[in-house]
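Worksheet: the structure to be examined is printed underneath.
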Amino acid sequence: MSDKVIENNQVTIMGEVVSGFTFSHEVFGEGFYMVDVDVKRLSNSRDRIPVMVSERLIDVSQDYKGEYLMICGQFRSYNRHEEQKNRLVLSVFAREVTFIEEEPDGARTNNILLDGYICKLPVYRKTPLGREIADLLLAVNRPYGKSDYIPCICWGRNARFASAFEVGEHVQILGRIQSREYVKKLSETETQKRIAYEVSVSKLECVGI
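Last residue of the sequence shown: number 191 in my numbering, and the count goes up by one each step with no gaps.
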């Protein structure tokens, strides 16, 4: 059962460590820490991806900034309560961490496979330049009755295809994790820069309900 569940959410990223470790939480005496990894795109821009890693996988007392890692795991979500509402927080949960010699080319640095269910109606739109986009929210099951809620973005032909999905449809997605900065308006005078994470979809398949 659990192996099957692990297969429905598979991530591999390779990139440069760009932060220290910050404590996240502890489960049965095992500490989990957050670290940021910069992953190169083909366009040579970069995605900064948060990774949650166990202290049993890596020495969290060390400073690895500038080192390159390959991380295999899952893309997970949890709801953090702030400002009277819940905010979806996403990170890569590391199952394996390997040091690599140097930064690889952008073609294979960032891959994700998701198998899950559409949990709200897709939002389809066109940019001012006529580019088609569809936003999806995918529920991906975990063991013990839990689910991760993963925002996905489709382009062009995939966006047209995805715009017709109904809630509850079973889909498989191949793509990459991307980060983008946006400005959150906190009040009339206050704004804050934040980073949103989503899966940029390269292949999309409907598996039926």
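By construction, the Cβ of each residue, glycine as well, lies at the ideal position given by its N, Cα and C atoms.
- DSSP lists Val19 as the beta-bridge partner residues of Ile31.
- Here Glu(-2) is buried, its C-beta having at least 16 other C-beta atoms within 10 Å.
- With respect to the 8 Å criterion, Glu49 and Phe81 are classified as neighbours on the basis of their beta carbons.
- Here Gly2 carries a coil assignment [DSSP, helix/strand/coil].
- For Arg124, there is no enclosing alpha helix (DSSP H), as DSSP gives it neither H nor E.
- The criterion of a C-beta distance shorter than 8 Å is not satisfied by Glu83 and Ile135.
- Exclusion of the five residues before and after Leu103 leaves Val149 as the residues of its chain whose Cβ lies within less than 7 Å of its Cβ.
- In this structure, Val35 places its C-beta atom within 8 Å of the C-beta atom of Ala76.
- For Val189, the CB contacts under 7 Å within the same chain, skipping 5 residues up- and downstream, are His152, Val153 and Gln154 in chain order.
- Between the alpha carbons of Val9 and Pro32 lies a gap of roughly 19 Å.
- Distance from the CA of Pro125 to the CA of Leu156, rounded to the nearest whole angstrom, comes to 22 Å.
- For Arg77, there is no enclosing alpha helix (DSSP H); the enclosing beta strand (DSSP E) covers residues Lys67 to Ile82.
- Under the three-state reduction of DSSP output, Arg38 falls in the coil class, being neither helix nor strand.
- Contact annotation: Ala144 and Arg162 have beta-carbon atoms that are not nearer than 8 Å.
- Selection Ser184, Arg23, Ile159 and Arg139 evaluated against Glu85 yields Arg23 as nearest (Cα-Cα).
- Within its own chain, the residues whose Cβ lies closer than 6 Å to the Cβ of Met(-4), once the five positions on either side in sequence are excluded, are Met52, Pro86 and Thr91, listed in chain order.
- Residue pairing for Tyr46: DSSP places it in no beta bridge.
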